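What follows is one structure encoded as structure tokens, with my remarks underneath.
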Amino acid sequence: MCIRLSASDGLVAKKGSACGWKCSQRILCWASDSGFSCSTISRSSLLIDVIEPTVLSVGQYIDLANRVLREYVARDLYVEGEISGYTVKDGKWIIFQLKDENDPRAKVNCFATTFKINGAFEDGMRVRVSGYPTVKEWSAFQIDVQTMEPVGEGALKKAYEALKKKLEAEGLFDAGRKRSLPRFPERIALITSRDAAAYGDFLRILNNRWGGATVEFAHVHVQGKEAVPEILGAFAYVNALSEEDRPEVLVLTRGGGSLEDLHAFNDEAVARAVYGSKIPVVCGVGHERDESLCDFVADVRASTPSNAAERVAPDRRELEREVTMMQRRVEERMETWIEDRLRAITRAAQIGESLLAHARERTHTATRRLFERADGWLAPWREAVLAHERVLKNVDPKRVLERGYAIASVGGRVVTDAAALEPGSEIGVQLSRGSFDAEVLRVNGKGKQKLV
């Protein structure tokens with residue numbers, strides 16, 4: 009059969025061929041007992057073009073079916089259902105069935121890898137998956153799952169609690185690993201949507217409190233299928249910056265919403281990106297009642313986007329008050345210090361005067377005692393000196409002369425024997441007071457001559 013689907017073709021359909029009304033889009037059609045069914049497909053040019061009747065092998069037929077399914081059916085399609093038989097093998101492969109809640113007979117096998125699927129899932133959860141429908145050689149039909157997320161508040165809550173328990177057991181919430189924020193940040197990275205109220209709230213509060221910081225803004229979707237990869241990309245970009253260009257703090261924020269709205273902030277990959285960030289992370293999600301896994305992993309949790317700005321930046325007015333108070337404390341302490349020093353100097357002077365007087369008294373006493381002891385030590389010597397003095401005085405020629413004696417000398421030599429003289433000899437006579445010259449008239453009692 010030759011089937012060419014075109015936006016302009018109007019084909020008259022029989023059962024088993026294309027539908028017979030004109031289409032604004034290319035469609036894939038099939039027939040059943042109840043009539044024809046149509047599914048919108050991509051706006052590509054050609055679905056199937058077989059010029060001559062063609063015979064295919066089973067393998068070729070399966071390959072053709074898979075190509076058609078992959079290129080035309082799988083695009084922008086999601087499948088919702090309930091998980092059954094959820095199994096993880098070797099920590100890598102995920103196998104489960106997706107059941108239709110309205111038709112127990114409708115079920116499809118699903119295959120995924122832990123590399124692509126993040127989160128904690130279990131039997132009974134309602135999920136939405138996207139992927140490629142595939143016909144296997146052993147006549148099995150399955151979906152190669154590319155994305156999977158819980159659907160409905162119940163499933164989301166169950167998945168949230170399971171993943172929270174898992175991450176907590178791994179230590180991602182430990183308070184001991186959380187880092188403090190710089191007090192005066194100069195560069196701040198902001199990851200949020202420019203269309204979100206959180207964006208305006210954060211910048212307004214930041215500018216009111218602290219206008220000296222540069223904000224590096226990364227626009228991302230904060231919900232929907234684009235949210236997770238965009239948030240991961242923003243984290244990767246900011247953390248890959250050089251230390252010179254890297255912001256000092258990273259803020260991840262968005263407004264409030266339902267558990268489904270906050271799904272990206274409860275995604276395992278995003279939580280691990282927050283955990284692995286080289287830069288301290290502040291997470292501010294929604295309103296005070298809202299909480300996400302990123303809140304628990306972040307270094308600092310803010311209750312709202314506005315509170316995130318308050319946690320990141322100091323308040324100028326508060327700093328001014330703090331500086332004023334510090335200035336007063338410094339002045340008071342300086343005054344106290346000066347007064348203490350003056351009192352200490354006064355006390356030292358008083359103590360010094362007292363010590364000086366005491367030292368003077370002790371010196372006087374010691375000197376007196378020294379002289380007393382010296383006097384005792386010197387008394388015998390003094391007596392001996394006096395005795396010798398008396399002896400010396402007694403033998404002093406002057407003392408002898410004072411008693412009326414005289415000293416005769418000839419040529420400067422003392423005459424001790426009259427025999428040394430001759431009548432007519434001139435002699436000098438020394439008296440106690442003065443002297444005179446004389447001539448010898450007569451020599452009496454000559455003995456042995458002796459001149460001194």
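For the sequence shown, the numbering used here assigns the number 9 to the initial residue and increments by one for each residue that follows. The beta-carbon is built from N, C-alpha and C at its ideal position, and this holds for glycine as well. Model, not experiment: these values are computed from the prediction.
(1) By alpha-carbon positions, which one of TRP389, ILE287, GLU326 and LEU240 ends up nearest to PRO190?
(2) Quick one: Cα of LYS165 to Cα of ALA128, how far?
(3) Looking at the structure shown, is HIS229 part of a helix, part of a strand, or coil, going by DSSP?
(4) What alpha helix (DSSP H) runs, 4 residues minimum, are completely inside the stretch 352-435?
(5) Between the stretch 157-177 and the stretch 260-271, are three or more C-beta pairs nearer than 8 Å?
(6) Starting from the N-terminal side, write out each stretch of the beta strand (DSSP E) that is 3 residues or longer and does not extend beyond the stretch 259-291.
(7) Would DSSP call GLY220 helix, strand or coil?
(8) If you run the structure through DSSP and keep just helix, strand and coil, what is LEU180?
(9) If you draw a straight line from the C-alpha of ILE91 to the C-alpha of PRO322, how long is it?
(10) Could you give the C-beta distance for TYR140 and ARG75, rounded to a whole number, given that I count them as a contact under 8 Å?
(11) Cutting at 7 Å between CB atoms, please list the residues of its own chain near ALA242, excluding the five before and the five after it.
(12) Let me confirm a value: ARG441 is counted as buried when at least 16 other C-beta atoms fall within 10 Å, else exposed. Which label applies?
(13) Which residues does DSSP list as the beta-bridge partners of GLN335?
(14) So, using beta-carbon positions, are VAL331 and VAL257 closer together than 7 Å?
(15) Sorted by chain position, which residues of the same chain lie with C-beta nearer than 6 Å to ALA205's C-beta, five sequence neighbours on each side aside?
(16) Should LYS172 be labelled buried (16 or more other beta-carbon atoms within 10 Å of its own) or exposed?
(17) Cβ-heavy atom distance between THR354 and the ligand MG below 6 Å?
(18) Residue range of the beta strand (DSSP E) that SER138 falls in?
(19) Can you have a look at GLU318 and say buried or exposed, based on whether 16 or more other CB atoms are within 10 angstroms of its CB?
(20) Could you check whether the stretch 432-441 touches the stretch 394-410, counting it as contact only if at least three pairs of C-beta atoms, one from each stretch, sit closer than 8 Å?
(21) Check whether the Cβ atoms of ILE239 and VAL293 lie closer than 7 Å to each other.
(22) What's the call for ILE346, buried or exposed, on a 16-neighbour Cβ count within 10 Å?
(23) DSSP three-state call for LYS107: helix, strand or coil?
(24) Quick check: the stretch 149-160 against the stretch 115-122, are at least 3 beta-carbon pairs closer than 8 Å?
(25) Give me, in chain order, the residues of the same chain whose beta-carbon lies closer than 7 Å to that of TYR283; leave out the 5 immediate sequence neighbours on both sides.
(26) ARG324: which of LEU214, GLY432, HIS366 and ARG450 sits nearest, CA to CA?
(27) Using DSSP bridges, identify the partner residues of TRP101.
(28) Return the first residue and the last residue of the beta strand (DSSP E) that PRO313 is part of.
(29) Determine the direct distance from the alpha carbon of ARG398 to that of ARG450, and round the result to whole angstroms.
(30) Suppose the cutoff is 7 Å on Cβ atoms and the five residues either side in sequence are ignored; what does the same chain contact list for VAL289 look like?
(31) Helix, strand or coil for GLU157? Go by DSSP, reduced to three states.
(32) Can you check which of these residues, GLY132, SER311 and PHE123, is closest to GLU109 by C-alpha distance?
(33) Keeping to the same chain, check which residues put their C-beta closer than 6 Å to that of ARG368; ignore five residues upstream and five downstream.
(34) Tell me, which residues are paired with VAL63 by DSSP?
(35) Enumerate in chain order the residues of its own chain whose CB-to-CB distance from LEU105 is below 8 Å, with the five nearest sequence positions on each side excluded.
Once the coordinates are examined:
(1) ILE287
(2) 11 Å
(3) coil
(4) 405-410
(5) yes
(6) none
(7) coil
(8) coil
(9) 49 Å
(10) Not quite, the Cβ-Cβ distance comes to about 10 Å (not below 8 Å), so this is no contact.
(11) ILE199, ALA226 and VAL228
(12) exposed
(13) In DSSP, GLN335 forms no bridge with anything.
(14) no
(15) GLY263
(16) buried
(17) Questions concerning the ligand MG fall outside what the structure shown contains, since it holds no ligand whatsoever.
(18) 134-143
(19) buried
(20) yes
(21) no
(22) exposed
(23) strand
(24) yes
(25) LEU180 and VAL305
(26) LEU214
(27) LYS97 and THR121
(28) That residue, PRO313, is in no beta strand (DSSP E); its alpha helix (DSSP H) goes 313-320.
(29) 38 Å
(30) LEU258, LEU260, VAL282, ALA306 and ASP307
(31) strand
(32) GLY132
(33) none
(34) Answer is none; VAL63 lacks a bridge partner.
(35) The identity of residue 105 in the sequence shown is Gln, whereas the question assumes Leu. Excluding positions up to five away in sequence, the list reads ILE91, SER92, GLY93, LYS115, VAL116, ASN117 and CYS118.
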